[in-house]
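My numbering numbers the first residue of the sequence shown as 1 and each following residue consecutively.
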Amino acid sequence: MDDLKIRELVKRLDTASVVEQEAAWTLLRPLGAGVVPFLADAYGSTKKAQGRVALIFHAIRFARDSEAAFELGIRALKDKATLVRYRACGVCAYSLRPDAIPHLEELLEHPDAKTAEDAVAAIDAIKRKNHHYFIDRSHSGTSFWTVNPEDSAV
């Protein structure tokens with residue numbers, strides 16, 4: 001698939017229609033980490049919050065191996081939409097990269113309490129080197145976040 005076609009499909013993620021997003025992602029998914037730079041490029045011009053959520057969501061699985069995915073997550077921490085910021089915190093948590101912590105700390109006093117809570121959970125996951133804690137915020141050991149098949153529940 002050429003770059004123009006990839007850009008067209010990524011642009012189709014900028015919609016409130018989950019059906020349209022899924023149709024586009026079905027064609028993009030086989031590109032693996034190769035799609036991430038296109039997601040990152042599209043972020044600034046994606047108008048709908050649902051579209052930005054989709055861009056960040058699809059970058060999460062690559063946050064450990066793709067610098068572009070990690071940087072997209074950092075960038076999206078400042079998004080105006082709560083759900084985009086949540087997904088961005090997820091990128092940071094899944095990456096387990098300590099260099100995300102200063103960016104997450106900027107959200108600790110965010111006026112949206114949910115965003116501050118998400119930042120706390122991401123920091124906790126990174127510090128404890130356990131991405132599951134982004135979801136299992138009480139450390140119960142009963143909730144797991146399987147992003148990639150190799151993510152074990154242990």
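For every residue, glycine included, the Cβ atom is placed at its ideal position computed from N, Cα and C.
Assuming residue i contacts residue j (C-beta within less than 8 Å), just tell me the rounded distance between them.
i: threonine 63; j: phenylalanine 70; result: Here the sequence assigns alanine to residue 63, which means threonine is not the residue at that position. Contact holds; Cβ gap of about 5 Å.
i: alanine 97; j: isoleucine 135; result: Looking at the sequence provided, one finds arginine at residue 97 rather than alanine. Rounded, the Cβ-Cβ distance is 18 Å, inconsistent with contact.
If you check the beta carbons only, do residue i and residue j fall under 7 Å apart?
i: alanine 54; j: leucine 72; result: no
i: alanine 116; j: alanine 93; result: no
i: histidine 132; j: phenylalanine 144; result: yes
i: alanine 24; j: leucine 39; result: no
i: valine 147; j: arginine 61; result: yes
i: valine 18; j: leucine 28; result: no
Use the C-beta contact count for residue i: other C-beta atoms within 10 angstroms, 16 or more gives buried, fewer gives exposed.
i: histidine 139; result: exposed
i: alanine 88; result: buried
i: arginine 7; result: exposed
i: alanine 33; result: exposed
i: leucine 108; result: exposed
i: serine 66; result: buried
i: glycine 44; result: exposed
i: aspartate 99; result: exposed
i: aspartate 90; result: Reading off the sequence, residue 90 comes out as glycine, not aspartate. So glycine 90 ends up on the buried side.
Which same chain residues end up closer than 6 Å to residue i when comparing Cβ atoms and leaving out the 5 residues on each side of it in sequence?
i: glutamine 50; result: Ala16
i: serine 95; result: Ala63, Arg64, Phe70
i: histidine 110; result: Ala116
On a CA-only basis, which of the options is nearest residue i? Give me that one, please.
i: glutamate 105; options: Thr46, Leu9, Ala119, Ser95; result: Ala119
i: aspartate 112; options: Thr146, Ser95, Leu77; result: Leu77
i: arginine 75; options: Arg128, Asp41, Arg61; result: Asp41
i: lysine 47; options: Glu67, Val10, Thr142, Ala100; result: Val10
i: lysine 129; options: His110, Asp151, Ile56; result: Asp151
i: leucine 31; options: Ile101, Asp3, Phe57; result: Asp3
Would you say residue i lies against chain C (beta-carbon separation less than 7 Å)?
i: isoleucine 74; result: Protein chains in the displayed structure number just one, and chain C is not present.
Keeping to the same chain, check which residues put their C-beta closer than 7 Å to that of residue i; ignore five residues upstream and five downstream.
i: glutamate 20; result: Arg12
i: alanine 68; result: Val36, Pro37, Ala40
i: isoleucine 101; result: Ile123, Ile126
i: isoleucine 56; result: Leu72, Gly73, Ala76, Val84, Arg87, Ala88, Val91
Under 8 Å Cβ to Cβ from residue i, same chain only, skipping five residues before and after it: list those, please.
i: lysine 114; result: Thr82, Tyr86
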